[in-house]
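Novice: A single structure is presented below for examination.
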Amino acid sequence: MGTGRIAAAVLAMMLAAAAWSCRAGRDGAARDGGAGDLPIVGDLDLHSLFGAAAGDQVVADENVTVAAHAWRGPGFTLPSARTVHLVIDGKDHTEKGFRLYVMTADELTKFEKHQTFKDVPAFEGLKVHSLDKTDTLPAGSWCVVVYNSENTARAMVVHVRIVVASA
Numbered sequence: 000m001g002t003g004r005i006a007a008a009v010l011a012m013m014l015a016a017a018a019w020s021c022r023a024g025r026d027g028a029a030r031d032g033g034a035g036d037l038p039i040v041g042d043l044d045l046h047s048l049f050g051a052a053a054g055d056q057v058v059a060d061e062n063v064t065v066a067a068h069a070w071r072g073p074g075f076t077l078p079s080a081r082t083v084h085l086v087i088d089g090k091d092h093t094e095k096g097f098r099l100y101v102m103t104a105d106e107l108t109k110f111e112k113h114q115t116f117k118d119v120p121a122f123e124g125l126k127v128h129s130l131d132k133t134d135t136l137p138a139g140s141w142c143v144v145v146y147n148s149e150n151t152a153r154a155m156v157v158h159v160r161i162v163v164a165s166a
């Protein structure tokens with residue numbers, strides 16, 4: 000296995016571990032803002048990541064259902080500073096808009112407790128219908144939060160695509 004493939008394998012394992020950290024609390028309960036047993040974005044197909052050692056890595060590329068006044072989102076870990084391209088596209092019941100934040104796992108804990116939190120301003124979207132942004136994030140574990148903030152009665156569906164550039 001070449002050096003590039005080993006680096007991709009290590010990054011894939013880190014991405015999978017971080018995905019769990021953003022969606023599971025200390026007691027193992029799902030951290031999805033109360034959306035019950037809906038599917039969680041961020042489950043990685045490690046086979047596709049291993050095959051893309053020299054290219055960008057897709058962390059998430061799927062439709063996500065977010066219950067009214069709930070949130071969902073994937074997590075990922077960057078071993079070094081990387082360019083991240085984030086595309087969120089409203090599909091169903093997003094006419095009132097939604098909020099999007101990118102934050103660390105520590106800040107996510109504050110967000111869940113309705114405390115003051117800090118997100119990455121470059122990726123922030125308040126009352127948006129879609130979002131397409133690219134910026135560089137430093138090394139560390141990151142959580143993407145799609146918050147159905149404007150819909151009091153209906154679940155919404157959004158398409159989430161997150162691509163992490165190769166080193």
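Heads up: the sequence shown is residues 0 to 166, going by numbering that gives the first Met the number 0. Just so you know, even glycine gets a beta-carbon here, dropped at the ideal spot from N, CA and C.
Can you tell me whether Pro73 is buried or exposed? The criterion is at least 16 other CB atoms within 10 Å of its CB, across all chains shown.
Specialist: Counting from one through the sequence shown, the residue named residue 73 turns up at place 74. By the 10 Å Cβ count, Pro73 comes out buried.
Novice: Which residue comes first and which comes last in the beta strand (DSSP E) that contains Lys112?
Specialist: Here the question's residue 112 lines up with position 113 in the sequence shown. Here Lys112 belongs to no beta strand (DSSP E), and DSSP marks it neither H nor E.
Novice: Would you kindly work out how many angstroms separate the C-alpha atoms of Pro137 and Lys117, rounded to a whole number?
Specialist: Along the sequence shown, one-based indexing puts residue 137 at 138. Along the sequence shown, one-based indexing puts residue 117 at 118. Straight-line Cα distance between these residues: approximately 15 Å.
Novice: Taking just the CA atoms, how far does Lys109 sit from Glu61?
Specialist: Taking the first residue of the sequence shown as 1, we reach residue 61 at position 62. Taking the first residue of the sequence shown as 1, we reach residue 109 at position 110. Roughly 27 Å separates the two Cα atoms.
Novice: If we call anything under 7 Å between Cβ atoms a contact, is Lys95 one with His158?
Specialist: The residue labelled residue 95 in the question sits at position 96 within the sequence shown. The residue labelled residue 158 in the question sits at position 159 within the sequence shown. No, these two residues do not count as a Cβ contact at 7 Å.
Novice: Counting only runs that start and end within the segment 48–114, where is the beta strand (DSSP E) found for 3 or more residues in a row?
Specialist: As far as the segment 48–114 is concerned, its whole beta strand (DSSP E) runs of at least 3 residues are 56–65, 74–77, 81–91, 97–103.
Novice: Mind checking who Leu130 pairs with in its DSSP beta bridge?
Specialist: Taking the sequence shown and counting its residues from 1, the one referred to as residue 130 is at position 131. Paired residue(s): Ile87.
Novice: Drop a sphere of 10 angstroms on the beta-carbon of Ala80, count the other beta-carbons inside from all chains shown, and report buried for 16 or more, exposed for fewer.
Specialist: Numbered from its first residue, the sequence shown carries residue 80 at position 81. Ala80 should be labelled exposed.
Novice: Quick check on His158 - is its C-beta less than 7 Å from some C-beta in chain B?
Specialist: In summary, chain B is missing from the structure at hand, where a single protein chain is found.
Novice: By Cβ distance below 7 Å, which residues in the same chain neighbour Asn193 in space, the five residues on each side in sequence not counted?
Specialist: For the chain, the structure presents residues 0 to 166; residue 193 sits outside this window and is missing.
Novice: Mind checking whether Ile87 and Leu77 have CB atoms under 7 Å apart?
Specialist: The residue given as residue 87 occupies position 88 in the sequence shown. The residue given as residue 77 occupies position 78 in the sequence shown. No, these two residues do not count as a Cβ contact at 7 Å.
Novice: Around the C-beta of Thr103, are 16 or more other C-beta atoms found within 10 angstroms, so that it is buried, or is it exposed?
Specialist: As a position in the sequence shown, residue 103 is number 104, starting the count at 1. Flag for Thr103 reads buried.
Novice: Less than 7 Å between C-beta atoms, sequence neighbours within five positions excluded: which residues of the same chain meet that for Val127?
Specialist: Translated into positions along the sequence shown, residue 127 becomes position 128. Excluding positions up to five away in sequence, the list reads Gly96, Phe97, Leu99.
Novice: What span of residues does the beta strand (DSSP E) with Val163 cover, start to end?
Specialist: Here residue 163 refers to the residue found at position 164 when the sequence shown is read from its first residue. Element bounds for Val163: 155–163.
Novice: Tell me whether the beta-carbon of Val163 lies closer than 7 Å to the beta-carbon of Val83.
Specialist: Here residue 163 corresponds to residue number 164 of the sequence shown, with the count starting at 1. Here residue 83 corresponds to residue number 84 of the sequence shown, with the count starting at 1. Contact: yes.
Novice: Taking the continuous beta strand (DSSP E) assigned at Ser140, which residues delimit it?
Specialist: Mapped onto the sequence shown, residue 140 falls at position 141. Unbroken beta strand (DSSP E) run through Ser140: 139–146.
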